[in-house]
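Enquirer:
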Amino acid sequence: MSLILNASLVVQLVMLGLALLSVLSWTLIISKLGTLRSARRHSESFEQNFWGGTDLNRLYEDARQQGDTVGMERIFQSGFAEFLKQRGRSGAELSDIMDGARRAMRAAAQRELDRLDSHTSFLATVGSVSPYIGLFGTVWGIMHAFIGLGNAGQATLSTVAPGIAEALVATAIGLFAAIPAVVAYNRFAADVDRLASRFDTFMEEFSNILQRLATR
């Protein structure tokens, strides 16, 4: 704390900005952890119901009554609703029915992935920019220390070391803000990719089921 309090005003402002970025990134990390964990649990629960032999019409009605569905259930609801709509049209061909259902599912999946991936670019920005902001504070602090040393006219380790140490704290805070943001961003990107693969697999399997229903 003494190194921070004794630093120059510019370096203190840099430290304050980095601390704010760290707080914001940790807030986003905690929030996104809960969102992705909930999405995984919800997808697993819906898949168990879907492949457990539950009637598709019943699943659809339950989703409609629930209202604001998420994840795989939203994909199912969008695809099945479009399937019923296209199938109810007179003279509708199988290709038109299936194309409409697939387009609806792809749109729902993309909206869901956008929701899960929202604001993660902020973590990437923090991870890439924070070290340079800290480095700027360090360079400024060292420059300020040498200017003070030149005015003093006597170069000793005891006179230059405190100023350099204060400046290096800015780099340390920059790394403290950047490292968790980079790790979290990579983790979230991998989680979203895995969910995207599960969504794609479900859409293909569900499309096969709808195609069999349409030919009955």
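Residues 1 to 216, numbered by the UniProt record's numbering, are exactly what the sequence shown covers, in order.
Even glycine gets a Cβ: it sits at the ideal position worked out from N, Cα and C.
(1) For my contact list, Val23 and Gly137 are in at a C-beta cut-off of 8 Å; report their separation, rounded to the angstrom.
(2) For residue 245 and Ala145, what's the separation of their Cα atoms in angstroms?
(3) Which complete alpha helix (DSSP H) runs does the region 73-141 hold, if anything under 4 residues is left out?
(4) Are any of the Cβ atoms in chain B nearer than 8 Å to that of Ser197?
(5) Do the region 92-104 and the region 208-216 meet, that is, are 3 or more Cβ pairs less than 8 Å apart?
(6) Could you name the residues of the same chain whose beta carbon sits closer than 7 Å to that of Leu21, not counting the 5 residues immediately before and after it, in chain order?
(7) By how many angstroms is the C-alpha of Asn208 removed from the C-alpha of Gly174?
(8) In whole angstroms, what separates the C-alpha of Ala124 from that of Val182?
(9) In this structure, how does DSSP classify Asp68 when only helix, strand and coil are distinguished?
(10) Check each candidate in Arg111, Gln86, Lys32 and name the one with the smallest Cα separation from Glu190.
(11) Around the Cβ of Ile179, are there at least 16 other Cβ atoms within 10 angstroms (buried) or fewer (exposed)?
(12) Where does residue 246 sit, in a helix, a strand or coil, going by DSSP?
(13) Can you give the Cα-Cα distance for Glu61 and Leu135, rounded to whole angstroms?
(14) Roughly how far, in whole angstroms, is the beta-carbon of Leu195 from the beta-carbon of Ser43, given that I think they are within contact range, below 8 Å?
(15) To the nearest whole angstrom, what separates the beta carbons of Ala63 and Gln77, a pair I think is in contact under 8 Å?
Expert: By the coordinates alone:
(1) Not confirmed; about 17 Å, so no contact.
(2) No statement about residue 245 is possible, as the shown extent of the chain runs from 1 to 216 and does not include it.
(3) Look at the region 73-141 and you find these whole runs of alpha helix (DSSP H), each 4 residues long or longer: 94-116.
(4) Although the question refers to chain B, the structure presented lacks it and comprises just one protein chain.
(5) Enough Cβ pairs lie closer than 8 Å, so yes.
(6) The answer, listed in chain order, is Val126, Ser130, Ala177.
(7) The straight-line gap from Cα to Cα measures roughly 51 Å.
(8) Between the alpha carbons of Ala124 and Val182 lies a gap of roughly 6 Å.
(9) Here Asp68 carries a coil assignment [DSSP, helix/strand/coil].
(10) The question names Glu, yet the displayed sequence has Ala at residue 190. Taking the Cα of Ala190 as reference, the smallest distance to any Cα among Arg111, Gln86, Lys32 is reached at Lys32.
(11) Answer is exposed; the Cβ neighbour count stays below 16.
(12) Any property of residue 246 remains undetermined from this structure, which presents the chain solely from 1 to 216.
(13) Distance between the alpha carbons of Glu61 and Leu135: 58 Å.
(14) About 7 Å; that satisfies the 8 Å criterion.
(15) Correct: roughly 4 Å between the Cβ atoms.
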